[in-house]
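A.B. asks:
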Amino acid sequence: MITVFSLYIASLKEFVRDRMALFWTLAFPIVFIVLFGLIFSGGNSSSYTVGLVNLDTGPTGAAISQVFGGFKSFTIKTGSQDQELAALKAGNLDMVVVIPADLSANAQNNQSTPIQVYYDQTKGASAQIGLGVVQAMLSQFNQQLTQVNPPLTLAPQGIVGHALSSVDFLVPGILAMALMQLGIFGTAQPLVALREQQILRRLGATPLPRWQWLLSQVFNRLTLAAVQTALILGIGALAFKVQIAHPWELAGFVLLGAAMFISLGYLIAALAKTQDSVNGISQAINFPMMFLSGIFFPLAFLPVFLAPVVRALPLTYLADAMRQVMIESTPDFPLMTDLTIVVAWVVGCTALAVWRFRWE
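FYI, this note's numbering numbers position 46 of the sequence shown as 26, with every residue one higher than the one before it.
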């Protein structure tokens, strides 16, 4: 193992001297996370997404629904009470307004009727401002409806939801992308360059066992993956207050993700004959995964006809798994599905790379 360690140190020194590789594996993900973090961590928006549940079939319920729908600061979503409350807990809504079934009858009898407003307690001042807006709307509606004993009252009920900011969504995706860049640009291209320069051929002619050299290269990339992870998570936590729900599970998926893309990098190096060809293959793999794997925006935003392509990309499952274990986001796939597919890619790429890899 002393030989492996010496080769490992030598490969680290070689990598540090390669400024282009340093940029793609370390600086590029940091630039992304800082840029998008600054964009998405701006001031609070004055608009609210409100779930409206109208249980009243009379004219009063229809009238107040129309008032809510015409308010410019509210984006109204309708559905059953259970559906809207579930969306609120998932962080997809700011409030849920429930119009009771007896509203019209009570209004005719001049009786007070509570309007239930569910809000997310974790949103603090933003939730209180939203409640104030709803209260003002109800007061205005009361004055239009009758001048005697206001029939509508506000009944706020706080719940603890799981609200995620744009930065929370972004950080796990950027981490998954960084691991992909490490495998494609930090593994495949240097290996092809070494082969073109006849360095691999000379190493193969020495008494050095080839597995020791390969093992040192893998350790080198895993070290870089650890550095990437520390930098991205450190910036996310310190600058944008992103928290990690399950650190050990996240560490496991980082290791699996690094192994998957390192093995993919070896496979690309095995297939490419020249540095020009490895650049073309790398870009052809890199750009679809960057923009079709749900790194920068949810998969639901993509057109339906792209679903087969999205499901064929390994980064899709790695990014989804990292969001689940890091920020407990709503999954696109079951976690076991993500794990199974990532492991399958590791095994498959490793087997193909071993079969096709050439030293000359």
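Glycine included, each C-beta is placed from N, C-alpha and C at the ideal position.
Just tell me which of Leu272, Gly245, Met270 has its CA closest to the CA of Asn259.
C.D. replies: By one-based count along the sequence shown, residue 259 stands at place 279. Nearest option by C-alpha distance: Gly245.
A.B. asks: Residue ranges of each beta strand (DSSP E) run of no fewer than 3 residues wholly in the segment 54 to 124, ordered along the chain?
C.D. replies: With a minimum length of 3 residues, the continuous beta strand (DSSP E) runs that stay inside the segment 54 to 124 are 54 to 58, 75 to 79, 93 to 100.
A.B. asks: Which residues bound the alpha helix (DSSP H) around Leu32?
C.D. replies: Here residue 32 refers to the residue found at position 52 of the sequence shown. Note, Leu32: premise wrong, no alpha helix (DSSP H); beta strand (DSSP E) at 28 to 34.
A.B. asks: Contact between the segment 156 to 166 and the segment 233 to 240: three or more CB pairs below 8 Å?
C.D. replies: In short, these stretches touch, since the Cβ pair count reaches three.
A.B. asks: Kindly indicate which three-state DSSP category Leu298 falls into: helix, strand or coil?
C.D. replies: On the sequence shown, position 318 is the one that residue 298 refers to. It is helical.
A.B. asks: Suppose the cutoff is 7 Å on Cβ atoms and the five residues either side in sequence are ignored; what does the same chain contact list for Gly49 look like?
C.D. replies: Residue numbering aside, residue 49 sits at position 69 when the sequence shown is read from its first letter. Within the same chain, Gly49 has close Cβ partners Ile56.
A.B. asks: Quick one: Cα of Gln91 to Cα of Pro39, how far?
C.D. replies: Along the sequence shown, read from residue 1 onward, the residue named residue 91 stands at position 111. Along the sequence shown, read from residue 1 onward, the residue named residue 39 stands at position 59. Going by the C-alpha atoms only, they are around 16 Å apart.
A.B. asks: Could you give the DSSP three-state label for Pro136: helix, strand or coil?
C.D. replies: For the purposes of this step, residue 136 is taken as residue 156 along the sequence shown, with counting starting at 1. In this structure, Pro136 counts as strand in the three-state DSSP scheme.
A.B. asks: Can you name the start and end residues of the alpha helix (DSSP H) that Trp339 belongs to?
C.D. replies: One-based indexing of the sequence shown puts residue 339 at position 359. No alpha helix (DSSP H) contains Trp339, which DSSP labels as neither H nor E.
A.B. asks: Taking DSSP as the reference, what is the three-state secondary structure of Gln161?
C.D. replies: Translated into positions along the sequence shown, residue 161 becomes position 181. In the structure shown, Gln161 sits in a helix (DSSP, three-state: H, G or I).
A.B. asks: Just how far apart, CA to CA, sit Asn24 and Leu218?
C.D. replies: Position 44 of the sequence shown holds residue 24. Position 238 of the sequence shown holds residue 218. Because the pLDDT of Asn24 is 44, which lies under 50, any placement of that residue in the model is unreliable, and the question is left without a value.
A.B. asks: To the nearest angstrom, how far is the alpha carbon of Gln197 from that of Tyr(-12)?
C.D. replies: If you number the sequence shown from 1, residue 197 lands on position 217. If you number the sequence shown from 1, residue -12 lands on position 8. Approximately 6 Å between the Cα atoms of the pair.
A.B. asks: For Gln137, count neighbouring Cβ atoms within 10 angstroms of its own Cβ and tell me buried if that reaches 16, exposed if not.
C.D. replies: Here residue 137 is taken as the residue at index 157 of the sequence shown, counted from 1. Exposed.
A.B. asks: Helix, strand or coil, according to DSSP, for Val327 in the structure here?
C.D. replies: The count along the sequence shown starts at 1 and reaches residue 327 at position 347. Helix.
A.B. asks: So Gly110 and Val151 are in contact, right, with Cβ under 8 Å, and what is the actual spacing, rounded?
C.D. replies: For the purposes of this step, residue 110 is identified with residue 130 of the sequence shown, where counting begins at 1. For the purposes of this step, residue 151 is identified with residue 171 of the sequence shown, where counting begins at 1. In fact, because the Cβ distance is near 27 Å, the residues do not count as touching under 8 Å.
A.B. asks: Alpha carbon to alpha carbon, how far is Leu332 from Val326?
C.D. replies: Numbered from 1 along the sequence shown, position 352 holds the residue referred to as residue 332. Numbered from 1 along the sequence shown, position 346 holds the residue referred to as residue 326. Straight-line Cα distance between these residues: approximately 10 Å.
A.B. asks: For Ser60, tell me which candidate among Gly31, Glu(-6), Asn72 has the shortest Cα-Cα distance.
C.D. replies: Taking the sequence shown and counting its residues from 1, one reaches residue 60 at position 80. Taking only the C-alpha atoms, the option nearest Ser60 is Gly31.
A.B. asks: In chain order, what are the residue ranges of uninterrupted alpha helix (DSSP H) at least 4 long that sit wholly in the segment 173 to 247?
C.D. replies: Complete alpha helix (DSSP H) runs here, min 4: 179 to 184, 190 to 220.
A.B. asks: Given a threshold of 16 other Cβ atoms within 10 Å of its Cβ, counted over all protein chains shown, does Ala(-10) qualify as buried or as exposed?
C.D. replies: Reading the sequence shown from its first residue, position 10 is the one you call residue -10. Its Cβ having fewer than 16 others within 10 Å, Ala(-10) is exposed.
A.B. asks: Going by DSSP, what residue range makes up the alpha helix (DSSP H) through Val47?
C.D. replies: On the sequence shown, position 67 is the one that residue 47 refers to. 39 to 49 is the span of the alpha helix (DSSP H), which, as asked, contains Val47.
A.B. asks: If you reduce the DSSP assignment to three classes, tell me which class Lys253 lands in.
C.D. replies: Here residue 253 is taken as the residue at index 273 of the sequence shown, counted from 1. It is coil, neither helix nor strand.
A.B. asks: Please state whether the Cβ-Cβ distance between Ser53 and Val113 is less than 8 Å.
C.D. replies: Locating residue 53 in the sequence shown gives position 73, counting from the first residue. Locating residue 113 in the sequence shown gives position 133, counting from the first residue. Yes; because the gap between Cβ atoms is below 8 Å, this pair is in contact.
A.B. asks: Excluding the five sequence neighbours on either side, which residues of its own chain have a C-beta within less than 6 Å of the C-beta of Gln192, listed in chain order?
C.D. replies: Mapped onto the sequence shown, residue 192 falls at position 212. Result list for Gln192: Thr(-17), Val(-16), in chain order.
A.B. asks: At which residues does the alpha helix (DSSP H) containing Val284 begin and terminate?
C.D. replies: By 1-based counting over the sequence shown, the position of residue 284 is 304. No alpha helix (DSSP H) holds Val284; DSSP gives it neither H nor E.
A.B. asks: Between the beta-carbon of Ala252 and the beta-carbon of Ala168, is there less than 8 Å?
C.D. replies: Working through the sequence shown from its first residue, we reach residue 252 at position 272. Working through the sequence shown from its first residue, we reach residue 168 at position 188. Closer than 8 Å, so yes.
A.B. asks: Counting only the same chain and skipping the five closest in sequence on each side, list residues whose C-beta sits under 8 Å from that of Asn200.
C.D. replies: For the purposes of this step, residue 200 is taken as the residue at position 220 of the sequence shown. Result list for Asn200: Tyr(-12), Ser(-9), Leu(-8), Phe(-5), in chain order.
A.B. asks: Leaving out five residues on either side along the sequence, give the residues of the same chain with a beta carbon under 6 Å from the beta carbon of Val172.
C.D. replies: Within the sequence shown, the letter at position 192 stands for residue 172. The residues are Ala249, Ala252, Gln255, Val258.
A.B. asks: When burial is assigned at 16 or more other CB atoms within 10 Å of the CB, is Met(-19) buried or exposed?
C.D. replies: Here residue -19 corresponds to residue number 1 of the sequence shown, with the count starting at 1. Answer is exposed; the Cβ neighbour count stays below 16.
A.B. asks: How about Leu83: is its C-beta nearer than 8 Å to some C-beta of chain D?
C.D. replies: The chain labelled as chain D is not found in the depicted structure, where only one protein chain is given.
A.B. asks: Taking the CB atoms as reference points, tell me whether Cys329 and Leu247 lie closer together than 8 Å.
C.D. replies: Taking the first residue of the sequence shown as 1, we reach residue 329 at position 349. Taking the first residue of the sequence shown as 1, we reach residue 247 at position 267. Yes, these two residues count as a Cβ contact at 8 Å.
A.B. asks: Comparing alpha-carbon positions, which option in Glu308, Pro314, Val47 lies nearest Ala225?
C.D. replies: Position 245 of the sequence shown holds residue 225. If we check each option's Cα against that of Ala225, Glu308 comes out closest.
A.B. asks: Could you check what DSSP says for Ile(-18) in three-state terms: helix, strand or coil?
C.D. replies: Taking the sequence shown and counting its residues from 1, one reaches residue -18 at position 2. Reduced to three states, the DSSP call for Ile(-18) is helix.
A.B. asks: With a cut-off of 8 Å, do at least 3 Cβ pairs link the segment 300 to 307 to the segment 175 to 193?
C.D. replies: Result no; under three Cβ-Cβ pairs closer than 8 Å.
A.B. asks: Trp339 to Leu188, Cα distance in whole Å?
C.D. replies: Translated into positions along the sequence shown, residue 339 becomes position 359. Translated into positions along the sequence shown, residue 188 becomes position 208. Taking the straight line from one Cα to the other gives about 14 Å.
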